[in-house]
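Residue numbers (our numbering): 2 to 106.
1. Output needed for residue 46: all residues of its chain with C-beta closer than 7 Å, excluding positions within five of it in sequence on either side, in chain order.
2. Under 8 Å, do residue 29 and residue 38 count as touching if we go by C-beta distance?
3. Is any heavy atom in the ligand MG found nearer than 7 Å to the beta carbon of residue 105?
4. What first and last residue would you give for the beta strand (DSSP E) that runs through residue 37?
5. Is DSSP giving residue 94 helix, strand or coil here?
6. Go ahead and label residue 62 buried or exposed: buried means 16 or more other beta carbons lie within 10 angstroms of its beta carbon, across all protein chains shown.
7. Would DSSP call residue 7 helix, strand or coil?
8. Could you tell me the distance, in whole angstroms, from the CA atom of residue 26 to the CA atom of residue 14?
9. In this structure, does DSSP put residue 75 in helix, strand or coil?
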């Protein structure tokens, strides 16, 4: 997401204060689907792939993250409220952040 759309999402969800840092793929100049993205992110903001959780609505992004070694991956079953929920075959899916952090939201 571009910074503008990310800001809008944070305004609507009010979850930004739960994160130490939010990195926008646009800032790194590479799409998350490309394997080099994860290496660049690792240099920009070091993370332990074994302890990292990535939640994304894109199957290619989840596959790319898995190939890099990110251990905890969740898909979004209904990223568009106007469309029916999707069933995840490759990755576990959630409909809402509340499913994994019910006491937070």
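Every residue, glycine too, gets a C-beta built ideally from N, C-alpha and C.
On the basis of the coordinates in this document:
1. 22, 24
2. yes
3. The ligand MG is absent from the structure shown, which contains no ligands of any kind.
4. It is not in any beta strand (DSSP E) - residue 37 instead sits in the alpha helix (DSSP H) that spans 36-45.
5. Residue 94 falls in the strand class under three-state DSSP.
6. buried
7. helix
8. So the alpha carbons of these two residues sit roughly 19 Å apart.
9. strand
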